[in-house]
Amino acid sequence: MTAVAAKPQAGGAMNPTAMAVGVVMLLIILALCWYVSPGLGLMALIGVTIGGILIGFGTHFIPVGGAPAAMGQAPGIATGVAMLAAGAGLAGLFGGAWAAEQGQVVAIVTGGVGGGLMMAITCMMVNFVYVFGMGIPSASGKVAKDPITGDTQAEFKSQGTEGHGLPFVSFVGGVTGGFLGGAGGTLIYLQLLRLYEAKLPALMGIPATQVMPIAVAAAGMFAVGLFLVNAVLTAYNITGTIEGPHDPKFKRWPRSIVASAVASALCGFVAILIVAL
Amino acid sequence: MVANIIFGIGITALTGALATVAGSAEDTESNIGSQGDPNSQVQLAPQMGFLHRIFNKAVAGEPPAYGLWCALGAGLAWAFMAMQVNAVLAIVIGSVLAVLVQGVYATTAYLGRTASLAKFGQPVYVDILKSMTSVTMAHAFIAVFCVVTLCHLINGALGHPFPLPLLGLIWGIALGAAGSATGNPYYGKERQYQNQKFGAGVPISASGNIVRYAEAGERNSLDNGFFTHKIGGSASGICFGLIVFLELWRTILFDKISAGWGAIVVGILMILIFTVVDRYIEVWARKNYGPYMEAKVAS
Amino acid sequence: MTVKVEVIEGGVPHTKIMIAGLVSTLVCLYLTYLNVLTNTEMFAFFGGLAVVSALIWGSHTIKVLCSYGIGTGVPSAGMIAFGSGVMAMLLATKFGMAAPLVALVLAAVIGFILGYISNNILNMKIPAMVQALTEMAVVGALTLMGFAALITGGFTFAGLTTGSVSMLGMTVSSNQISFIGGGLIAVAFLLGAIAIQHPFNACLGPGWKQDRMLMLTAECGFLSMIVAAIMSFALISAGSAIISLVVAIVGWAYAYNQYICLSKRDAAAWLDAKPIPEMEGH
């Protein structure tokens, strides 16, 4: 979009004071949660926070080029980073929620594999269209050699562009990002679901079997909401585009970890208060 | 037990087919509307002095927009089913109403964007508004109807715990993500910049100089849909179809093996297969297309 | 410091829109409380009007925020607004009569912290960020509450989680057929998230005009209200749903008509089946 084309000048610099404030906020929220609902509530909040961190960290891996990628001017997938991460993570959440009865670990890994599979298919089809539809080989603009395969990149970059397509390292990054996102989303969903299943029947005065639709829908909706918050915060962190784990912007991840932890803990705390108050 | 699995496989195949149709229709719809990232060029062209007759329907990125159309279709279908309306009828009416919303959003997006470009002399074409909106609505109906139907099958026949509207949201966003990822480059590079070199990215200096004239007369967005459907649309369809089909297939068939780990192992194996295929495509392109310049000359 | 791409030129100042939006949203939400006082569901349509006024405020906030390049698309702003608003709204519904005010305070706190995170921890350094994210979380929470009131006739936790289903002439209370249990909250979420970002996304450009954008927001709000009113047939009495539907259709028709007139006013030309105008030098 030309009207809002000027990118913010937010560089890679860390702000130590703000990071410290963030960590303190996180501790305060955890302490509050311990005060209101020790045991089940605190466990759920810790799970939600870890899930949020996984989503925020995972989104850094997903190679997204934004509008220039659609013209073959920049490497990566031609769409928005927050929404691609959401697409992959929610596909994972779908699988994880289905496997919820088979135990935490199985469900979380299932969710992760679902997200990774979605990204693997998508990245493969992107390269398919670039190579067989448009006759363009992949090339990264940020590194001279692919860190995984060692392929040189610069000479495969067509004139006047920053690269195009998905080099192998970006593909691996995409799958990793999808895996982390799917696992994080599922973790959030499972924690909230367990909590609501345990607490809602007493709260609403109805039998546990009737409470299931409410617990599932509310936990699912909150997982989606938290996913979007974390993905958008990460998109802000990398200013909208990233090539994958080899991109210099990837080094900004510590900021995003703190941000995602605080944001997820805050939103998770509110979600826990619904049954704790 | 076996009958259950056979029933599940049948539903899985049906949802895979529906997803393929949905992906294809979604990409064609968004290309006719210039939605998603290629939209930036349609928006940029008049500012560089290239006035055009291309539909410019920027509702949002494809994932959130399709998230809404599919969730809305599913929500309306759910509401009609709650009122004891027959499921097929409920899904059709829900999709039709969701598509009406899509059509209204499309017209306001075109009017808004074009009116804001008045400074550069880009006029509003009422005939574009009338003919393109109806075509995008038709494609959107196919996509929304297929997604809502597959969500209903997943929820009703396969027993997924999420309610129908939430499934619509999830698969709508996934549909938009898959369709925009696969289809956007083909429209953005190959169709908008047909005047540029084949087999190379568009140089940044050429931005905004999109093709505005057709074989005869002036190009409109129906020509773009006609062109991109051949590869971009089909590829998007295969992409989304594979996502839905494989995700369900591995769950239905292998979920019961060693308490869920069977489906996980199969999923990881499939990821590895796609990794190998992707690497093969990449190496094939490097070998057959060759570098653009000698390695030494390159910076 | 970022370069400000567009200057807000003329029009109603943002503070005025914010106050007007906040007050009218709260008033409309409280008017739905007449349902409880009169024991009907006829006043559910005020929930839809609350949605419209909250969205008008929110879309202008998005304009203020996105005038600075935030590095990613306009739609993401709507997503973060509703993602943070949905929790505040659901917790607030437990406070009965005070729900809208609690939602306002809770969402403001969440939005403020999210703004601090973006601006300081993520180092975005955008002056309007903290205030804009605070406002948007509030708008998200109040919009969802408006949709809830429109679809179920009230904004209490019990009302949102229980519904009734009539089977073979008998009416049975059910949790499956409800705003939350049926997942209608997901539809409300996206209806609001798209409607809040669409007006600025659609009207951005050098010829941006405030009145045209806000008219478009009203149009989007009423359009969302139409489909939400159709969904409300499942949860409230048909007569009340028809009232909501009629109000929504009348409001939408007016706003859409006005928007087309405003677009006609601002467009360079309004042509039907004409070729591309000849420009010098091309």
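Residue numbers (this note's numbering), protein chains in the order written: chain L, 118 to 394; chain Z, 39 to 337; chain A, 2 to 283.
Ideal Cβ placement from N, Cα and C applies to all residues, glycine included.
Practice task
Could you check if LEU263/A is buried or exposed, using at least 16 other CB atoms within 10 Å of its CB as the buried criterion?
Solution key: One-based indexing of the third sequence puts residue 263/A at position 262. So LEU263/A ends up on the buried side.
Exercise for the section: Run down chain A in chain order and give the residues with a C-beta less than 7 Å from the C-beta of GLN308/L. Expected result: Within the first sequence, numbered from 1, the residue matching residue 308/L stands at position 191. For GLN308/L, there are no C-beta contacts with chain A under 7 Å, since the nearest C-beta of that chain is about 14 Å from it.
Exercise for the section: Return the chain-ordered ranges of every alpha helix (DSSP H) run that is complete within the stretch 161-212 of chain A and spans a minimum of 4 residues. Expected result: 185-204
Practice task
Determine whether the Cβ of THR58/Z lies closer than 7 Å to any Cβ atom of chain L.
Solution key: Residue mapping note: residue 58/Z aligns to position 20 of the second sequence, counting from 1. Not closer than 7 Å to any Cβ of chain L, the Cβ of THR58/Z fails to qualify, so no.
Practice task
Indicate whether GLY141/A and PRO201/Z have their beta-carbon atoms separated by less than 7 Å.
Solution key: Start at 1 with the first residue of the third sequence, and residue 141/A comes out as number 140. Start at 1 with the first residue of the second sequence, and residue 201/Z comes out as number 163. Their beta carbons are not under 7 Å apart, which means GLY141/A does not touch PRO201/Z by this criterion.
Practice task
Could you confirm whether any beta carbon from chain A is found closer than 7 Å to the beta carbon of LYS17/Z?
Solution key: With chain Z represented from 39 up to 337, any question about residue 17/Z goes unanswered, as that position is not in the structure.
Handout entry: Straight-line gap, ASP316/Z to PHE245/L (C-alpha atoms, nearest Å)
Key = One-based indexing of the second sequence puts residue 316/Z at position 278. One-based indexing of the first sequence puts residue 245/L at position 128. Spanning the two alpha carbons is a distance of roughly 8 Å.
Practice task
Put LEU272/A into one of helix, strand or coil per three-state DSSP.
Solution key: Within the third sequence, numbered from 1, the residue matching residue 272/A stands at position 271. Residue state, collapsed to three classes: strand.
Problem - Beta-ladder partner(s) of THR269/L, from DSSP - result: Residue 269/L sits at position 152 when you count from the first residue of the first sequence. For THR269/L, which the question treats as bridged, DSSP gives the partners LYS262/L.
Practice task
Using three-state DSSP, classify VAL162/Z as helix, strand or coil.
Solution key: Counted from its first residue, the second sequence places residue 162/Z at position 124. DSSP places VAL162/Z in strand when its eight states are reduced to three.
Handout entry: GLY233/L versus THR16/A - alpha carbon distance
Key = Within the first sequence, numbered from 1, the residue matching residue 233/L stands at position 116. Within the third sequence, numbered from 1, the residue matching residue 16/A stands at position 15. Approximately 45 Å, taken between the alpha carbons.
Practice task
Please name the residue in PHE45/Z, LEU114/Z, GLY226/Z whose C-alpha comes closest to that of ALA235/A.
Solution key: Walking along the third sequence from the start, residue 235/A turns up at place 234. Considering only alpha carbons, the answer is LEU114/Z.
Practice task
Closer than 9 Å by beta-carbon distance: list the chain A residues that pair up with ARG324/Z, in chain order.
Solution key: Stepping through the second sequence from its first residue, residue 324/Z is reached at position 286. Within 9 Å Cβ-Cβ: nothing; ARG324/Z doesn't reach chain A, min ~32 Å.
Practice task
State the CB to CB distance for the pair SER78/Z and ALA184/L, rounded to an integer number of angstroms; the pair is presumed to be in contact (CB under 8 Å).
Solution key: Here residue 78/Z is taken as the residue at index 40 of the second sequence, counted from 1. Here residue 184/L is taken as the residue at index 67 of the first sequence, counted from 1. Going by Cβ atoms, the distance from SER78/Z to ALA184/L rounds to 4 Å, so yes, they are a contact pair.
Practice task
Please list, in chain order, all residues of the same chain as HIS363/L whose beta carbon is under 6 Å from its beta carbon, the five residues on each side excluded.
Solution key: Sequence index remark: in the first sequence, residue 363/L carries index 246 (1-based). Within the same chain, HIS363/L has close Cβ partners VAL260, PRO264, VAL286.
Handout entry: As assigned by DSSP and simplified to three states, the class of ALA191/L
Key = Position 74 of the first sequence, counted from the start, is the residue given in the question as residue 191/L. DSSP places ALA191/L in coil when its eight states are reduced to three.
Practice task
For the alpha helix (DSSP H) containing VAL304/Z, list its first residue and its last residue.
Solution key: The sequence position of residue 304/Z within the second sequence is 266, counting from 1. First-last of the alpha helix (DSSP H) with VAL304/Z: 299-327.
Exercise for the section: Below 8 Å on the Cβ atoms is my guess for VAL230/L versus ILE302/Z; work out the distance and round it to an integer in Å. Expected result: Here residue 230/L corresponds to residue number 113 of the first sequence, with the count starting at 1. Here residue 302/Z corresponds to residue number 264 of the second sequence, with the count starting at 1. About 5 Å; that satisfies the 8 Å criterion.
Practice task
Please confirm if CYS150/L has its CB atom under 7 Å from at least one CB of chain A.
Solution key: As a first step, residue 150/L must be located in the first sequence, where it is residue number 33. No, no contact with chain A.
Handout entry: Coil, strand or helix - ALA256/L by DSSP
Key = Along the first sequence, one-based indexing puts residue 256/L at 139. DSSP places ALA256/L in strand when its eight states are reduced to three.
Practice task
Flag LEU280/Z as yes if its beta-carbon sits less than 7 Å from any beta-carbon of chain L, otherwise no.
Solution key: As a position in the second sequence, residue 280/Z is number 242, starting the count at 1. Judged by the 7 Å Cβ criterion, LEU280/Z is in contact with chain L.
Exercise for the section: Assign GLU279/A to one of three DSSP states: helix, strand, or coil. Expected result: Your numbering for residue 279/A matches position 278 in the third sequence. GLU279/A falls in the coil class under three-state DSSP.
Handout entry: PHE45/Z: contacting residues in chain L (beta-carbon distance under 7 Å)
Key = By one-based count along the second sequence, residue 45/Z stands at place 7. Under the 7 Å cutoff, chain L gives no residues; its nearest Cβ is about 17 Å from PHE45/Z.
Practice task
Keeping to the same chain, check which residues put their C-beta closer than 6 Å to that of CYS384/L; ignore five residues upstream and five downstream.
Solution key: Here residue 384/L is taken as the residue at index 267 of the first sequence, counted from 1. Excluding sequence neighbours, CYS384/L sits near LEU343.
Handout entry: Assigned secondary structure, VAL97/Z (DSSP; H/G/I helix, E/B strand, else coil)
Key = Residue numbering aside, residue 97/Z sits at position 59 when the second sequence is read from its first letter. The answer is coil: DSSP assigns VAL97/Z none of H, G, I, E or B.
Exercise for the section: Would you verify that the beta carbon of ASN354/L is, or is not, closer than 7 Å to some beta carbon of chain Z? Expected result: Numbered from its first residue, the first sequence carries residue 354/L at position 237. Not closer than 7 Å to any Cβ of chain Z, the Cβ of ASN354/L fails to qualify, so no.
Exercise for the section: Look at the Cβ atom of CYS277/Z, then the Cβ atom of ILE194/L, and state whether they are nearer than 7 Å. Expected result: Walking along the second sequence from the start, residue 277/Z turns up at place 239. Walking along the first sequence from the start, residue 194/L turns up at place 77. Not in contact: CYS277/Z and ILE194/L (Cβ atoms no closer than 7 Å).
Practice task
Using a Cβ cut-off of 7 Å (strictly closer), state whether ILE331/L contacts chain A.
Solution key: The sequence position of residue 331/L within the first sequence is 214, counting from 1. It does: the Cβ of ILE331/L has a partner Cβ on chain A nearer than 7 Å.
Problem - Simplified DSSP assignment, three categories, for ILE323/L - result: Position 206 of the first sequence, counted from the first residue, corresponds to residue 323/L. Of the three classes helix, strand and coil, the one that applies to ILE323/L here is coil, per DSSP.
Exercise for the section: Have a look at PRO199/Z, ASN42/Z, GLY111/Z, VAL164/Z and flag the residue whose alpha-carbon is nearest the alpha-carbon of TRP271/A. Expected result: Here residue 271/A refers to the residue found at position 270 when the third sequence is read from its first residue. Minimum Cα distance to TRP271/A is reached at VAL164/Z.
Practice task
Per DSSP, which residues does ILE359/L bridge with? Please list them.
Solution key: In the first sequence, counting from the first residue as 1, residue 359/L sits at position 242. Beta-bridge pairing links ILE359/L to VAL181/L.
Practice task
Starting from the Cα of ARG229/Z, find the closest Cα among LEU196/Z, HIS267/Z, LYS157/Z, VAL97/Z and give me that residue.
Solution key: On the second sequence, position 191 is the one that residue 229/Z refers to. Considering only alpha carbons, the answer is HIS267/Z.
Practice task
Specify the secondary structure class of GLU42/A as computed by DSSP and reduced to three states.
Solution key: On the third sequence, residue 42/A is found 41 positions in, with the first residue counted as 1. In this structure, GLU42/A counts as coil in the three-state DSSP scheme.
Practice task
Report the three-state DSSP secondary structure of TYR117/A (helix, strand or coil).
Solution key: As a first step, residue 117/A is located in the third sequence; it is residue number 116 there, counting from the start. Of the three classes helix, strand and coil, the one that applies to TYR117/A here is helix, per DSSP.
Practice task
Under 8 Å between beta-carbons, which chain L residues line up against LYS95/A? List them in chain order, please.
Solution key: On the third sequence, position 94 is the one that residue 95/A refers to. Simply ILE391, LEU394.
Handout entry: Selection from ILE129/Z, LEU82/Z, ILE208/Z, ALA195/Z that minimises the alpha carbon distance to ALA51/Z
Key = Numbered from its first residue, the second sequence carries residue 51/Z at position 13. Looking at the Cα atoms, ALA195/Z is the closest of the given residues.
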